[in-house]
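Worksheet: one structure, shown below.
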Amino acid sequence: MSFYENDYTIKERRTLDKEGGVIMRYVCSICGYVYDESQEQVAFSQLPDSWVCPICKADQSLFVGEEKEKETINLDVSWNDPIVYSTGEEAAICSNLARGCEKQYKDEEMKLFQMLSDYLTSKMEEETEINLKTMEQMLQQDLSQHYPALHHQAEEIEDRGTQRICVWGEKVTSILHSLLMRYQQSQGRFLRDTDIWVCSVCGFVFVGDNPPDLCPVCKVPAWKFEKIEGREQS
Amino acid sequence: MKYKAVRNIRLCTKDCLCLYVCPTGATDTENSIIDVNKCIGCGDCAKACPSGAISMVPQDYPPQQSKEASILSLSHVLTHHKARQEQLAKQLAQTSSSDELYRLMKAFEKSIRLVNEDILRESGYMLPQSTQVHDLLKTWIQDPPLDDFPRDIAQKLLDMIPCNELPVKRYRCKVCGAIFEIKEGEELICPICQATQDQLEIIDF
Ligand code: SF4
Ligand code: SF4
Ligand SMILES: [Zn+2]
Ligand SMILES: [Zn+2]
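If you're matching them up, the sequences are chains A and B in order.
When the letters of the first sequence are read in order and numbered with this note's numbering, they come out as residues 1 to 234.
When the letters of the second sequence are read in order and numbered with this note's numbering, they come out as residues 1001 to 1205.
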């Protein structure tokens, strides 16, 4: 067992209270859209709960007030040495290598890696706590501990590739978390009569009749989005 | 670095400029796939194509950047957790009673896998040609992780994909006694006394 422990200061993600000072502009942490109170009729805090980012549909909790507060967070992440990958991780290694072969126009190799991945995916260890609460807690733990620990270490040693996956992964994980919260609040009503789209490059999830023109996280065009089919169709 | 031309058939508008410029006739084929055996990698077709349909694809890849142990460990904490979330999403979709939850969990399953692939790519599994991938395939062949693991597929991949990092061998010079390492394929010469070939012997690490 090894530990990663660190105290460091991050930019506070949530907005300040009314008493915390006047905040004029709120920025979407997913796509960068700005809600400028001086240009709008309604103060950000007065917006209805159903209001979401007009570009990427992130909910209000993902907006950051421009007057940011600093907060020290404590990271405490542990793992078992040496690294032993689970079947699910091995499955993802293989599907990733299948993509790598596809980009190199190696079709035969791509198919073989995909076969290995499909096999390993079918053998992934079953989860036991099958409920949305568990999912929510797992996503939350990534956002509050696992990503900050990796991101901070990558900054320390200037590993920019790892910093990029943290930026993308944190955004995608935030959006999954917020979709899950909305699902629970509305009993899934916001998904009725509309479609769910997944960016095939970064995994960003979008709810709407059409995919966005550009992926708000990785900036690929709309045709890179895949529509999720319902049970009957698939 | 060596390149070969590859035509993206979806983008090709059949303007045929590539046929006129290719010095070897590699672009002129009945199935629209550029003949790899004829292509000498000059790149003229890619420059001439008005549709940007031809890419020059590298044939050799440099060794990957190595990753720090701290990054690998912290990444593993994430990838382990993400794999569990993917499985949880899959099971939640299977047991869902509404179409909304089914679709949402299918989206989660796909999204989480993509995120996990990205983290693993940055954990040293970027290039199929890397030593790390070759070592993984070898481990699976020698010691399969599961009883019915398809070893033949792993073996096929190992045979098909060249490794871009040459194995290193250790030598002892019989003339001066120096011990040193030389990459396979490089000239066999003692760095101290310049003795060569038969005067060097391979020793274990
Ligand atoms: S020049 Fe480009 S568009 Fe024209 S035939 Fe060749 S690949 Fe196709
Ligand atoms: S790179 Fe040169 S040799 Fe190869 S197909 Fe294009 S024009 Fe022909
Ligand atoms: Zn947004
Ligand atoms: Zn994207």
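Think of the CB as a built atom: it goes at the ideal place given N, C-alpha and C, for glycine as much as any other residue.
Count the other CB atoms within 10 Å of the CB of residue i; is the residue buried (16 or more) or exposed (fewer)?
{"i": "Thr-72(A)", "result": "exposed"}
{"i": "Ser-1075(B)", "result": "buried"}
{"i": "Asp-981(B)", "result": "Nothing about residue 981(B) can be reported from this structure: the residues present for chain B run from 1001 to 1205 only."}
{"i": "Gly-1177(B)", "result": "exposed"}
{"i": "Glu-232(A)", "result": "exposed"}
{"i": "Thr-173(A)", "result": "buried"}
{"i": "Cys-1166(B)", "result": "For the record, residue 1166(B) in the displayed sequence is Leu; it is not Cys. Exposed."}
{"i": "Asp-142(A)", "result": "buried"}
{"i": "Ile-1153(B)", "result": "buried"}
{"i": "Gln-1087(B)", "result": "buried"}
{"i": "Val-84(A)", "result": "exposed"}
{"i": "Glu-90(A)", "result": "buried"}
Would you kindly work out how many angstroms separate the C-alpha atoms of residue i and residue j, rounded to a whole number?
{"i": "Val-1168(B)", "j": "Asp-1135(B)", "result": "14 Å"}
{"i": "Cys-28(A)", "j": "Lys-1038(B)", "result": "52 Å"}
{"i": "Gln-187(A)", "j": "Ala-58(A)", "result": "18 Å"}
{"i": "His-152(A)", "j": "Gln-140(A)", "result": "17 Å"}
{"i": "Asp-118(A)", "j": "Leu-1157(B)", "result": "15 Å"}
{"i": "Ala-154(A)", "j": "Tyr-183(A)", "result": "34 Å"}
{"i": "Pro-1144(B)", "j": "Pro-1150(B)", "result": "8 Å"}
{"i": "Glu-109(A)", "j": "Met-1126(B)", "result": "15 Å"}
{"i": "Cys-1022(B)", "j": "Asp-1147(B)", "result": "51 Å"}
{"i": "Cys-1173(B)", "j": "Thr-1029(B)", "result": "54 Å"}
{"i": "Glu-129(A)", "j": "Arg-1084(B)", "result": "11 Å"}
{"i": "Pro-1191(B)", "j": "Glu-1181(B)", "result": "10 Å"}
{"i": "Asn-210(A)", "j": "Asp-195(A)", "result": "7 Å"}
{"i": "His-1081(B)", "j": "Lys-133(A)", "result": "15 Å"}
{"i": "Gln-1197(B)", "j": "Thr-1139(B)", "result": "33 Å"}
{"i": "Cys-199(A)", "j": "Glu-156(A)", "result": "30 Å"}
{"i": "Asn-131(A)", "j": "Arg-1103(B)", "result": "15 Å"}
{"i": "Asp-1099(B)", "j": "Gly-208(A)", "result": "16 Å"}
{"i": "Gly-1041(B)", "j": "Glu-1186(B)", "result": "26 Å"}
{"i": "Val-42(A)", "j": "Pro-48(A)", "result": "10 Å"}
{"i": "Ala-222(A)", "j": "Asp-193(A)", "result": "20 Å"}
{"i": "Asp-76(A)", "j": "Leu-150(A)", "result": "11 Å"}
{"i": "Asp-7(A)", "j": "Lys-171(A)", "result": "22 Å"}
{"i": "His-177(A)", "j": "Cys-166(A)", "result": "16 Å"}
{"i": "Trp-197(A)", "j": "Leu-1114(B)", "result": "14 Å"}
{"i": "Ser-144(A)", "j": "Gln-137(A)", "result": "10 Å"}
For residue i, which residues in the same chain have their Cβ closer than 6 Å to its Cβ, ignoring the five residues on either side in sequence?
{"i": "Leu-1011(B)", "result": "Ser-1051, Ala-1053"}
{"i": "Arg-25(A)", "result": "Val-34, Asp-36, Glu-66"}
{"i": "Gly-230(A)", "result": "none"}
{"i": "Cys-1193(B)", "result": "Val-1175, Cys-1176"}
{"i": "Glu-226(A)", "result": "Val-198, Ser-200"}
{"i": "Gln-1132(B)", "result": "Gly-1124"}
Report the option in the options whose CA atom is closest to the CA atom of residue i.
{"i": "Val-1291(B)", "options": "Gln-104(A), Phe-113(A), Arg-192(A)", "result": "What the structure shows of chain B is the stretch from 1001 to 1205, and residue 1291(B) is not part of that stretch, so it cannot be assessed."}
{"i": "Phe-190(A)", "options": "Val-52(A), Tyr-33(A), Gly-88(A)", "result": "Val-52(A)"}
{"i": "Gln-46(A)", "options": "Gln-60(A), Arg-192(A), Glu-226(A), Lys-106(A)", "result": "Gln-60(A)"}
{"i": "Asn-74(A)", "options": "Asn-131(A), Glu-5(A), Leu-150(A)", "result": "Glu-5(A)"}
{"i": "Cys-1016(B)", "options": "Gly-1041(B), Ile-1009(B), Cys-1049(B), Ile-1040(B)", "result": "Cys-1049(B)"}
{"i": "Ile-228(A)", "options": "Cys-1045(B), Leu-1101(B), Ala-1046(B)", "result": "Leu-1101(B)"}
{"i": "Tyr-147(A)", "options": "Glu-1086(B), Val-1077(B), Asp-1159(B)", "result": "Val-1077(B)"}
{"i": "Thr-955(B)", "options": "Arg-192(A), Glu-127(A), Trp-197(A), Ser-86(A)", "result": "Because chain B here runs from 1001 to 1205, residue 955(B) falls outside it and cannot be looked at."}
{"i": "Phe-3(A)", "options": "Cys-56(A), Ser-78(A), Ser-38(A)", "result": "Ser-78(A)"}
Can you list, in chain order, the residues of its chain with a C-beta nearer than 7 Å to that of residue i? Leave out the 5 residues immediately preceding and following it.
{"i": "Asn-259(A)", "result": "As shown, chain A starts at 1 and ends at 234. That puts residue 259(A) outside it, with no answer to give."}
{"i": "Ala-1089(B)", "result": "Met-1105, Phe-1108, Glu-1109, Ile-1112"}
{"i": "Met-135(A)", "result": "Leu-180"}
{"i": "Ile-175(A)", "result": "Ile-30, Ala-58, Phe-204, Val-205"}
{"i": "Glu-1201(B)", "result": "Tyr-1171, Arg-1172, Lys-1174"}
{"i": "Gly-1025(B)", "result": "Lys-1038"}
{"i": "Cys-1018(B)", "result": "Thr-1027, Cys-1045, Ala-1048, Cys-1049, Ile-1054"}
{"i": "Leu-116(A)", "result": "Cys-94"}
{"i": "Ile-1210(B)", "result": "Given a span of 1001 to 1205 for chain B in the structure shown, any question on residue 1210(B) remains unanswerable."}
{"i": "Arg-99(A)", "result": "none"}
I'd like to know whether the C-beta of residue i is nearer than 8 Å to at least one C-beta of chain D.
{"i": "Cys-202(A)", "result": "Checking the listed chains, one finds no chain D in this structure; the protein chains it contains are A and B."}
With a threshold of 8 Å on Cβ separation, who are the neighbours of residue i within its own chain once the five nearest residues in sequence on each side are excluded?
{"i": "Val-201(A)", "result": "Cys-215, Cys-218, Val-220, Lys-224"}
{"i": "Gly-1043(B)", "result": "Tyr-1003, Ala-1005, Met-1056"}
{"i": "Cys-101(A)", "result": "Asp-107, Glu-109, Met-110, Phe-113"}
{"i": "Ser-1130(B)", "result": "Pro-1063, Gln-1064, Gly-1124, Cys-1163, Asn-1164, Glu-1165"}
{"i": "Thr-1079(B)", "result": "Asn-1116, Ile-1119, Leu-1120, Ser-1123"}
{"i": "Phe-63(A)", "result": "Thr-15, Tyr-26, Val-27, Cys-28, Ser-29, Tyr-35, Phe-44, Cys-53"}
{"i": "Leu-1188(B)", "result": "Tyr-1171, Ile-1182, Thr-1196, Gln-1197, Leu-1200"}
{"i": "Asp-1159(B)", "result": "none"}
{"i": "Asp-213(A)", "result": "Pro-221, Ala-222"}
{"i": "Gly-88(A)", "result": "Leu-120, Thr-121, Met-124, Glu-125"}
Worksheet item: Between the region 1069-1086 of chain B and the region 157-166 of chain A, do three or more beta carbon pairs fall short of 8 Å?
Response: Contact between the region 1069-1086 of chain B and the region 157-166 of chain A is present: 3 or more CB-CB pairs across the two stretches fall below 8 Å.
Discussion item. If contact is defined by three or more beta carbon pairs under 8 Å, each pair taking one atom from either stretch, is the region 1030-1047 of chain B in contact with the region 121-128 of chain A?
Written reply: With the rule of 3 Cβ pairs closer than 8 Å, the region 121-128 of chain A does not count as touching the region 1030-1047 of chain B.
Worksheet entry | Segment contact, 8 Å Cβ cut-off, at least three pairs: the region 1059-1069 of chain B with the region 95-102 of chain A | The region 95-102 of chain A and the region 1059-1069 of chain B do not touch, with fewer than three beta-carbon pairs separated by less than 8 Å.
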